[in-house]
Every structure is written in structure tokens, then in C-alpha cells.
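The UniProt record's numbering applies: residue 1 is where the sequence shown begins, and numbers increase by one.
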Amino acid sequence: MIRKFRASLALQPIATAIFANSPFKEGKPNGFLSLRSHIWTDTDNNRSGMLPFVFDDTFGFEQYVDYALDVPMYFVYRNKTYIDCTGMSFRDFMAGKLPQVPGELPTLNDWENHLTTIFPEVRLKRYMEMRGADGGPWRRLCALPAFWVGLLYDDESLQSIIDMTSDWTKEEREMLRRKVPVTGLKTPFRDGYVRDLAEDVLQLAKNGLERRGYKEVGFLREVDEVVRTGVTPAEKLLNLYETKWQRSVDPVFEELLY
């Protein structure tokens, strides 16, 4: 679990770059390749972000629970009514100190509800939820799970990712998260660009899928061109907007039909 959590958190900005696909707002370019990802860099940082403690030597399930206990609550649900608990912590609730429901202790359902109000780039539930990539047409929706399966469900590829990212600093990970929504695969990183990282990561994903032996590598064909050219889906849409679509976003609904 720990290796997968660290690998997937470190690589969320790479996935954001490869699948960047939200360049419009209110019918016009918005200045970002992934506005969706950018929005999460400034949305209630108490419950979102890159979770730097996951990279601590002492990290385990207990540390994630401690984090979740201290994330400010939104609500408790009682008698078909949502009761506002803004500003209180689940730790308070565990101690029976929630003024909104005095003396009550939480149920497991309360805990599960609370976990749905936490939005880090990777969310730990009974599985790991990857939150870095934009949506897109059917062909890319199939590529995204194949990408993560190839990296995380094959031990050799997973260890290669751990080795690749183990010396990335907290500041570097945060820099990638903040800059990739703007510059995508062209984001500078150390002596190269995010595109260089994406090439290596995509190859590891392919290798992992090959070793699984289920003929899944074809699902990554859609992102091959993106990584090879360094042109994200968002940049393709922006080019169409300026040329074929004559500065209208209306055709996007046909372009990205399922």
C-alpha cells in the first residue's frame, strides 16, 4: 500500500499533463491546459493536495487516519437531514464533543461519510482513487485505468517508479502540481521536461501491462501520440478553436462524443 500510495501521488502531475483536457471556460480559452486541476490547488487546502506526510519514513494507515480525523468536518447526517458541522473535527466527534449532536459518538457510517469529504490528489478508501487526470472521450477513458494498472499492479514497474521518484523533494512535487495545469508536458523539471518523465513512465506502464499478459497495451495507444509529440489533448482543442472551429467551442461536443 505504501509504495503504491507514494508512486501514485508522485505521478499525479504526470497524469494531469498527459490527460490535460479542460482549456475552456464560458466559451473561451481560460489560460490553462487543465483548469480542473488548477482549481484544486486553491480549493480548501485542509482537505486537498499532495499529502507530503505519505513520503515520511513513518507513514502507514495510522498516519492517514490521523490526517482524516483532523480534516474539518462538513456535516453529520441524522433523520434524513444534513447537520452543519463546519469547523469541527472528527476527532472532536470521537470524543463526544460535537456541539451539534451533544454526547453522541460517531458510527462507522459517519466515518465513511466524512472520508467522502476529503479530496487529496490520491484518496485512500478501500482502494486508491486517482484524482489527477481530466476526463475525455471514450478512447482516453480506457487509457487511464490501463496507465495506472501497468504502473501499480506490476511489481517491477512499481519499483521502477519508486526508484525514479524517491529523491523528488516536497517542493518539486508541489511545483509540478502547480505548473503542470498551465504548461502541461512542456513544464521544465530538473534537466528536462515533464514530457521526458512521461515517456519513461508510459514505457513502464506498457511493460507492466505486457507482463500481466492480458493484451491490454493497446489501450495506451491513445496516449502514445500525446507523449511522443508533447501536445496535450487540451492543446489540440485550443488549436481547433483557433482554426477549424473559428473561435467557437460548440464543436467540442461532437469532437469528444462517446
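We put the beta carbon where it would ideally sit given N, CA and C, even for glycine.
Asked	Found
Does the beta-carbon distance from residue 73 to residue 55 come in below 8 Å?	no
Helix, strand or coil for residue 183, going by three-state DSSP, please let me know.	helix
Quick check for students: name the residue ranges of the beta strand (DSSP E) that lie wholly in the region 54-109, counting only runs of 3 or more.	75-78, 81-84
For the candidate residues 113, 214, 159, whose alpha-carbon lies nearest to that of residue 146?	214
Go to residue 47, then tell me how far its alpha helix (DSSP H) extends in each direction, as first and last residue.	Taken as a continuous stretch (DSSP letters only), residue 47 belongs to no alpha helix (DSSP H), as it is neither H nor E.
Please name the residue or residues paired with residue 122 in a DSSP beta bridge.	130
How is the alpha helix (DSSP H) around residue 204 delimited, first residue to last?	194-212
Under a three-way DSSP split, which group does residue 253 fall into?	helix
List the DSSP bridge partners of residue 22.	34
Are the Cβ atoms of residue 130 and residue 15 separated by less than 8 Å?	yes
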